[in-house]
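Taking our numbering, I'd label the letters of the sequence shown as residues 19 to 174. All C-beta atoms in this analysis are idealised placements derived from N, C-alpha and C, irrespective of residue type, glycine included. Please read the structure below before turning to the comments.
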Amino acid sequence: MSLSGTIDAVYVRSQDLRRVCEFYGPDCVPADLVCSVKRYIGAEFLAVRVGSDWRDEPFDLAEDSRKFGEAVGLRLRTRGGEDAVVFEHWKDGKWVRRLTFTPERGWDRVQGEPEPWEAKAFPEPLAQGARMPVLKGDALFLVLLSHFRLPGVWPD
Numbered sequence: 019m020s021l022s023g024t025i026d027a028v029y030v031r032s033q034d035l036r037r038v039c040e041f042y043g044p045d046c047v048p049a050d051l052v053c054s055v056k057r058y059i060g061a062e063f064l065a066v067r068v069g070s071d072w073r074d075e076p077f078d079l080a081e082d083s084r085k086f087g088e089a090v091g092l093r094l095r096t097r098g099g100e101d102a103v104v105f106e107h108w109k110d111g112k113w114v115r116r117l118t119f120t121p122e123r124g125w126d127r128v129q130g131e132p133e134p135w136e137a138k139a140f141p142e143p144l145a146q147g148a149r150m151p152v153l154k155g156d157a158l159f160l161v162l163l164s165h166f167r168l169p170g171v172w173p174d
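What follows is the structure, encoded as structure tokens:
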């Protein structure tokens with residue numbers, strides 16, 4: 019799998035499409051997702067926002083994670099060796115892990131306790147201010163999909 023481009027996505031832990039749409043509005047989940055929910059059987063989260071904007075600022079998922087118990091925010095940019103990420107994991111209204119990597123600044127946000135998936139994605143523990151390990155966007159995306167059981171959506 020080789021990804022190229024940018025994803026800006028928010029996922030909430032829920033398989034109740036009706037409840038999610040009541041909270042976010044009927045247009046929150048892409049129409050093709052509603053029509054083909056079967057391809058997401060086994061996913062523990064639903065994508066409630068999928069776009070292709072890049073910003074290296076934090077997410078605010080307090081309300082989302084209070085309502086659904088858990089939320090994940092992911093912005094990932096893949097550009098041939100210049101991959102960047104903003105990742106946030108929230109539970110019950112509070113963030114538990116925040117990571118930001120850009121080629122220009124390295125790991126400029128490493129907050130919270132390391133999560134189990136990180137050992138699969140990175141050869142060494144992450145440290146704020148470090149330039150290494152360099153982010154491999156494709157690998158990170160696949161590890162996150164697997165660990166959190168996220169639906170594999172990518173913006174067109």
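Among residues of its own chain, excluding the 5 on either side of residue i, which ones have a beta-carbon nearer than 6 angstroms to its beta-carbon?
i, result
"V28", "V66, R67 and G91"
"G124", "A148 and R149"
"H165", "W135"
"E133", "R115"
"R167", "A61 and E62"
What is the DSSP secondary structure of residue i, reduced to helix, strand or coil?
i, result
"R84", "helix"
"F140", "coil"
"R36", "helix"
"D78", "coil"
"L162", "helix"
"G23", "strand"
"A157", "helix"
"L92", "strand"
"L64", "strand"
"R97", "coil"
"R31", "strand"
"W108", "strand"
"W113", "strand"
"G130", "strand"
In the DSSP output, which residue or residues are listed as bridge partners for residue i?
i, result
"F119", "V103 and W125"
"D71", "Its beta-bridge partners do not exist; DSSP assigns none."
"Y42", "Partner(s): none; Y42 has no beta bridge."
CA-CA distance, residue i and residue j?
i, j, result
"K138", "E88", "21 angstroms"
"R127", "L153", "13 angstroms"
"L160", "S22", "14 angstroms"
"A157", "G43", "32 angstroms"
"F119", "A145", "11 angstroms"
"F105", "V30", "14 angstroms"
"R73", "R93", "8 angstroms"
"H107", "R97", "24 angstroms"
"K131", "L117", "Just to set this straight, residue 131 is Glu in the shown sequence, not Lys. E131 and L117: Cα-Cα distance of roughly 11 angstroms."
"Q33", "F86", "10 angstroms"
"R95", "R37", "30 angstroms"
If you drop the 5 nearest sequence neighbours on each side, which residues of the same chain put their C-beta closer than 7 angstroms to that of residue i?
i, result
"P121", "E100 and A102"
"L162", "L92, W135 and L168"
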